[in-house]
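Keeping their order, the protein sequence lines are chains U and X. Quick note on numbering: the first sequence equals residues 1 to 124 in my numbering. Quick note on numbering: the second sequence equals residues 1 to 156 in my numbering. Single-structure report; data block below.
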Amino acid sequence: MLSKRLMTHIGVALGPVTVVLLDTLFVGPGTSNPLVEAIRSSGATPFLAWVVALFVGHWFHPVDGLQPGFGAVKPPWNYVVFGTLTLIAGLLSFAVIDTRTTSDWLPFVMVLAGFATGAILWPV
Amino acid sequence: MTAVTSRTFYTTHLITFLSLTAAAFLALLAPHWVGTPAGAWVIAIVGLVFVAALLVLTSIASFADKVPGNTFSELLRESTLDSTFYPWALAVYMGRWFHPVDGLESPLGVWGPVVLMAMTWGMVVLGDVLRRRGKRLWPWLVVSVGFAVGNLTWPA
């Protein structure tokens, strides 16, 4: 139904615009817009860092044909594990850690953890 | 290159070019729109629609048809055999968004974006040269360097 060619065309059509939209929402201009400020000051930033890095690890892991958990974690358990880790990342970001005082380093740590998790537990 | 392959090749590049052009216009205009609450909501909703479209189409492709290797994830992975552009671009944005120090400014000052553009060009060309020699840059290495470069040259 959806050929590789069609999916490629849809992907290259949507991808750049999506990234720019995300960039506008993450960064925005230096205004006091409530929505942009809410995204920046809440736990959304570290959680989104986790999600984005999870996908980047999923797509760009080091070894072609890599198996989840180096073959030790069989599907669907890899989905269960990284789903649980994502839930924990969300709880830490939104409820547990005060992101106002950790806003500098927490997203960076989430990127590293998310990339490793995506690569190890969810390699494409 | 056969006629069909050639047409597909040029179509893909035309769509990529148009999409990048649309994204560039959006990058110029969206910060002005997002300056008002109504504009911010429009941007947020349109952004959600785009992300949802990507995810839903990926799911449809994954589970509702029998075409092998046609999900966005598989196509993105496959694209690393041909180009370094997508892992590089995503990693640079990741570095821009999620650098480790609040209020970080590029030590390169106004030269940061210039260096970034030059490195992007160099990375794409290097990937292409290696591909023509039957090799490729490891995508994880491209991501790691892109993340560091995004931190240093273009921190938000």
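We treat Cβ as the ideally placed atom computed from N, Cα and C, and that holds for glycine. Every value quoted in this text rests on a predicted model; they were computed, and no experiment measured them.
Check	Outcome
For Val-101/X and Leu-104/U, believed in contact at Cβ under 8 Å, the rounded distance	Correcting the residue type first, residue 104/U is Asp in the shown sequence and not Leu. So it is a contact: roughly 5 Å between Cβ atoms.
Counted within 10 angstroms of its Cβ, other Cβ atoms place Thr-11/X as buried (16 or more) or exposed	exposed
Under 7 Å from the C-beta of Ile-10/U: neighbouring residues of chain X	Leu-57
Within-7 Å CB hit, Trp-50/U to chain X	no
Chain-ordered neighbours of Ala-13/U on chain X, where CB pairs are closer than 9 Å	Ile-15, Thr-16, Leu-18, Ser-19, Ala-22
Whether Trp-122/U touches Phe-82/U by CB criterion (7 Å)	yes
Residues that Val-143/X contacts on chain U, provided the C-beta gap is smaller than 7 Å	Val-56, Phe-60
7 Å Cβ cutoff met for Leu-54/X and Leu-14/U	yes
Pro-16/U - containing alpha helix (DSSP H), residue span	4-26
Own chain residues within Cβ distance below 6 Å of Gly-118/U, not counting five before or after	Leu-54, Gly-57, His-58
Ordered list of alpha helix (DSSP H) runs contained in the segment 52-121 of chain X, each at least 4 residues	72-79, 85-97
Buried or exposed (CB count within 10 angstroms, at least 16 for buried), Val-96/U	exposed
Whole-number beta carbon distance between Pro-31/X and Glu-105/X, since they are thought to touch under 8 Å	That belief does not hold up - the Cβ atoms of Glu-105/X and Pro-31/X are roughly 18 Å apart, past 8 Å.
Neighbour list for Tyr-10/X in chain U, Cβ cutoff strictly below 9 Å	Chain U residues near Tyr-10/X: none, gap ~12 Å exceeds 9 Å.
C-beta neighbour in chain X for Leu-21/U, strict 7 Å	yes
Thr-18/U vs Phe-98/X beta-carbon contact at 7 Å	no
Neighbouring residues, chain X, relative to Arg-5/U (Cβ below 7 Å)	Thr-8
Chain U residues whose Cβ lies nearer than 8 Å to that of Trp-140/X	Phe-60, His-61, Pro-62, Ala-119
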